[in-house]
Amino acid sequence: MKAPSRRRLGNTDVEVTEFGFGGAPLGDLFVAVTEPQAQETLAAAWQGGIRYYDTAPFYGHGKSEHRIGHFLRQQPRDEFVLSTKIGRVLTAPRDPASFDGGVWVGALPFDFYYDYSYDGVMRSWEDSLQRLGLPSVDLLLIHDLDAFFWDPDQRLSAYEQQLRASGWRALEELKRDGRIRAIGAGINRSTAIPRLLDLVDLDFFIVAMPYTLLDQGVLDDEFPRCQERDVGIVIGSPFASGILVTGPVEG
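Residue 105 in the working numbering sits at position 100 of the sequence shown; the count goes up by one each step and never skips.
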């Protein structure tokens with residue numbers, strides 16, 4: 006099989022395969038995925054040459070990290086790039102009997118709270134390592150700090166201030182000490198790009214929704230500034246979660 010092409014991520018020394026593996030579906034997003042299906046999917050991606058894997062604590066409330074970690078622990082560590090995210094810290098459920106994972110139909114029974122502070126970043130990073138069963142991740146992203154989840158003038162601004170006051174220092178320390186190789190942000194709204202570029206010195210973005218094969222407004226609106234600063238861009242849903250490939254399906 007021909008070796009997959011790789012691209013350098015922004016101004017970092019990290020090179021990722023042109024196609025990556027997004028871990029949200031392995032958290033049972035909208036549809037339950039069995040354990041054999043999850044591992045078979047990961048194996049197929051690996052056999053197809055994919056060597057960049059992205060996950061997050063939010064995906065299935067830890068389930069995606071468990072599944073991806075189980076697979077990647079069996080692969081040579083120097084052959085793949087792995088990213089996860091900070092911003093949500095998982096905790097024991099307040100009421101296990103009434104736990105509801107929301108869009109994660111098979112979520113593990115853990116609640117979460119938002120925390121972009123120094124302690125929140127460090128705890129989230131270390132908890133992710135434990136769920137993954139790996140001693141390191143390559144890339145660590147600020148997750149969902151945008152108007153898709155928050156009112157820009159209230160909670161969003163408060164969490165941005167929390168990040169700037171102490172959380173960013175934690176990310177810089179992890180990078181400086183060689184525990185991670187690059188710092189990114191996973192976003193859902195294009196308006197987050199200028200806000201975050203004004204707030205902190207990011208290496209790259211994962212753009213989850215504002216860019217698809219049909220909707221490319223962000224290409225002219227926000228990407229030029231990223232290009233000027235040599236900030237990398239990873240497109241999270243170029244096929245709009247698959248509908249542009251398969252068309253609508255039942256359910």
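Positions of the beta carbon are idealized from the N, C-alpha and C atoms, including for glycine.
Asked                                                                                                         : Found
Inter-residue CB distance, Gly67 and Leu95 (contact presumed, cutoff 8 angstroms)                             : 6 angstroms
Residue span of the beta strand (DSSP E) that contains Thr96, given as start and end                          : Arg93 to Thr96
Lys90 - partner residues in DSSP beta bridges                                                                 : Leu146
Val21 in three-state terms, based on DSSP                                                                     : strand
Reduced DSSP category for Trp109 - H, G, I as helix; E, B as strand; rest coil                                : strand
Proximity winner among Phe26, Arg230, Trp173 and Ala190, relative to Ile73 (alpha-carbon distances)           : Phe26
Minimum length 3: unbroken beta strand (DSSP E) runs contained in the region 29-59                            : 57-59
Span of the alpha helix (DSSP H) around Arg163                                                                : The sequence shown places Ala at residue 163, rather than the Arg named in the question. That run of the alpha helix (DSSP H) goes Arg160 to Gln167.
Outcome for Asp225 when other beta-carbon atoms lying within 10 angstroms are tallied against a minimum of 16 : exposed
Counted within 10 angstroms of its Cβ, other Cβ atoms place Ala48 as buried (16 or more) or exposed           : exposed
Nearest-angstrom Cβ-Cβ length linking Tyr57 and Thr22, presumed shorter than 8 angstroms                      : 5 angstroms
Buried versus exposed call for Asn16 [16 or more other C-beta atoms within 10 Å across all chains shown]      : exposed
Cutoff 7 angstroms; reference Leu77; Cβ partners in own chain excluding five residues on either side          : Tyr58, Phe85, Leu87 and Leu139
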